[in-house]
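206 is the number that the numbering used here gives the last residue of the sequence shown; the numbers go up by one with no jumps.
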Amino acid sequence: MTIKRFFPLRLAAVLWIALAVWLAAPCVAHADSIAVQRASLQADNGGWSLDAHFEFELNSNLEDAVNKGIPLYFTTDFELSRPRWYWFDEQPVSVSQSLRLSFQPLTREYRVSSVQSGGLQLGFSTLKDALAVIKHVTSWHVIDRNQVRVGETYNASVRMQLDIGLMPKPFQIDAVNNRDWNLASDWKRFTFTAADHAK
């Protein structure tokens, strides 16, 4: 009786350990893909702008994809919220911006362009220089003065991800089932207090 009961228990323990390792592995890979090194809000003429720095490297498959003419899209999301004890959190701001990274074989030039504005396009001789621009978000206006109350403290959140949804349809299907295309950061959260001098 003792031996018969021992083996099922041991088998169950092994299965539980295997399941725990399997569930934990994707989380570790996801957390290490893009790191939010710093993020802050600076007052501007109309409200506040976001400055943030992200750190990541393209794996060999993503680098090959760019060099073969497949554009990559990097989307930065910013949210501002304020907890309310009597109701759901207030969320006055939720905005996104996307940058397109592409390679032009004829000119041997990497290009970074804004998906939203369309007109902004920068050229670089190396992939490293092009990625440096994508990694550093500068002076992105995210909050209008009329969206917040002076003196109130809010929770700000920012993240970046490789946006598969903006890619051409044929590549979306392959990317969804390929871990090499899973490039994203966790949310970086910090507090923000709207100051009087921003008026």
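Note that the Cβ used here is the ideal one computed from N, Cα and C, for glycine as well.
On a predicted model such as this, the values are computed, not experimentally measured, just so you know.
Where residue i sits in the DSSP three-state scheme
i	result
residue 97	strand
residue 86	strand
residue 151	strand
residue 79	strand
residue 202	coil
Other residues of its chain near residue i: CB distance less than 7 Å, five sequence neighbours each side excluded
i	result
residue 140	119 and 129
residue 147	56, 57 and 104
residue 112	76
Exposure label - residue i; buried when at least 16 CB within 10 Å
i	result
residue 170	buried
residue 59	buried
residue 202	exposed
residue 45	exposed
residue 36	Unreliable placement is indicated for residue 36, whose pLDDT of 36 sits below 50; the coordinate value is still reported in the next sentence. Burial call: exposed.
residue 127	exposed
residue 188	buried
residue 93	exposed
residue 98	exposed
One or two residues paired with residue i in a DSSP bridge
i	result
residue 62	42
residue 55	50 and 150
Chain-order list of residues whose beta-carbon lies under 8 Å from that of residue i (same chain, five-residue window excluded)
i	result
residue 51	146 and 148
residue 182	171, 174 and 188
Beta-carbon proximity list for residue i, same chain, < 6 Å, skipping 5 on both sides
i	result
residue 165	46, 59, 85 and 195
residue 184	none
TODO: Let me know the alpha helix (DSSP H) ranges lying completely inside the segment 94 to 148, each 4 residues or longer, listed in chain order.
DONE: Taking only runs of at least 4 residues, the alpha helix (DSSP H) segments lying wholly in the segment 94 to 148 are 134 to 142.
Open item on the list: Could you tell me which whole beta strand (DSSP E) segments of length 3 or greater appear in the segment 155 to 198?
Closed with: For the segment 155 to 198, the continuous beta strand (DSSP E) assignments of 3+ residues that do not extend past its boundaries occur at 160 to 169, in sequence order.
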